[in-house]
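Read the structure below first, then the notes.
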Amino acid sequence: MRKPLLISALSLSLFAAASACYVQGAGAEDLPAPRSTVVDASLPRAQADAEILAARRFYAFWSTGDTRYLDAAIAPTFTDRTLPKGRPQGPEGPAFASKSFRAAVPDLSCEVEQLIVAGDRVVAHLRFRGHFTGAFGDRKGAGQAVDFIATDILRVQDGRITDNWHIEDNLTLFQQLGVVAQ
12 MRKPLLISAL
22 SLSLFAAASA
32 CYVQGAGAED
42 LPAPRSTVVD
52 ASLPRAQADA
62 EILAARRFYA
72 FWSTGDTRYL
82 DAAIAPTFTD
92 RTLPKGRPQG
102 PEGPAFASKS
112 FRAAVPDLSC
122 EVEQLIVAGD
132 RVVAHLRFRG
142 HFTGAFGDRK
152 GAGQAVDFIA
162 TDILRVQDGR
172 ITDNWHIEDN
182 LTLFQQLGVV
192 AQ
């Protein structure tokens, strides 16, 4: 059994610089760099690079709300395999979720703690941060900090995300928003 390949920060920076041209008008600093990336060594490098780029575009979207990253990251056939109630299915779903959440947390950022790439899957450990200064349902924010984690399993084909399974630490989030008592 082959050991996974750990990509160094320098290698990832070089990859980021080389791949930035794929998103028109975006510089390397626009795509979040994972703190660590582990790639199955048996995976062809071009495939791994395409999967990492799709994930980084997807998380650039979550960090900025800029739909050009979403459009570049997901396939027209995108399916949310853990679709929350009230969210549209397909490519419209993430845009709807981001817009809704940014109404509550306008300065939302998404940090990629780690990516694990194997086969056609990318597993991402994420940290979302911001401040609750907007509205969430009937609750108004008072500037309190929001800081919670999430995990995604992305399926990537032909350089685009086709499927997403995700879980968020909603208990922590709802406690921070004052929806659930601590």
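Each residue of the sequence shown is one higher than the one before, counting from 12 in my numbering. Glycine is no exception: its CB is placed at the ideal position from the N, C-alpha and C atoms. All values derive from a computational prediction rather than experimental measurement.
Residue i, buried or exposed, once every other Cβ within 10 Å from all chains shown has been counted against 16
i, result
"ALA219", "In this structure the chain extends from 12 to 193, so residue 219 is not present and cannot be described."
"ALA107", "Ala is not the amino acid found at residue 107; the sequence shown has Phe there. Exposed, since its Cβ has fewer than 16 Cβ neighbours within 10 Å."
"ALA146", "exposed"
"ILE178", "exposed"
"GLY152", "buried"
"GLU103", "exposed"
"GLU62", "buried"
"PRO105", "buried"
"ASP91", "buried"
DSSP three-state assignment for residue i, whether helix, strand or coil
i, result
"SER109", "helix"
"ALA84", "helix"
"ARG92", "coil"
"GLN100", "coil"
"LEU188", "helix"
"ASP60", "helix"
"ASP118", "coil"
"ASP180", "coil"
"ASP10", "For the chain, the structure presents residues 12 to 193; residue 10 sits outside this window and is missing."
Paired residues, beta bridge with residue i - DSSP
i, result
"GLY141", "VAL157"
"LYS151", "ALA146"
"LEU126", "THR48 and ALA135"
"GLN168", "ARG171"
"THR78", "THR78 is not bridged to any residue."
Cβ-based neighbour list, residue i, same chain, cut-off 7 Å, excluding 5 preceding and 5 following
i, result
"ALA66", "LEU126, VAL133, ALA135 and LEU165"
6 Å Cβ shell around residue i - same chain, five flanking residues per side excluded
i, result
"ALA59", "VAL50 and VAL128"
"ALA154", "Per the sequence shown, residue 154 should be read as Gly rather than Ala. For GLY154, where only same-chain residues beyond five positions count, the Cβ hits under 6 Å are HIS142 and THR144."
"PHE185", "VAL191"
"GLU122", "ARG138"
Point to revise | Inter-stretch contact (C-beta, 8 Å, three-pair minimum) for the region 130 to 137 and the region 163 to 178 | key: At 8 Å Cβ cutoff, the stretches touch.
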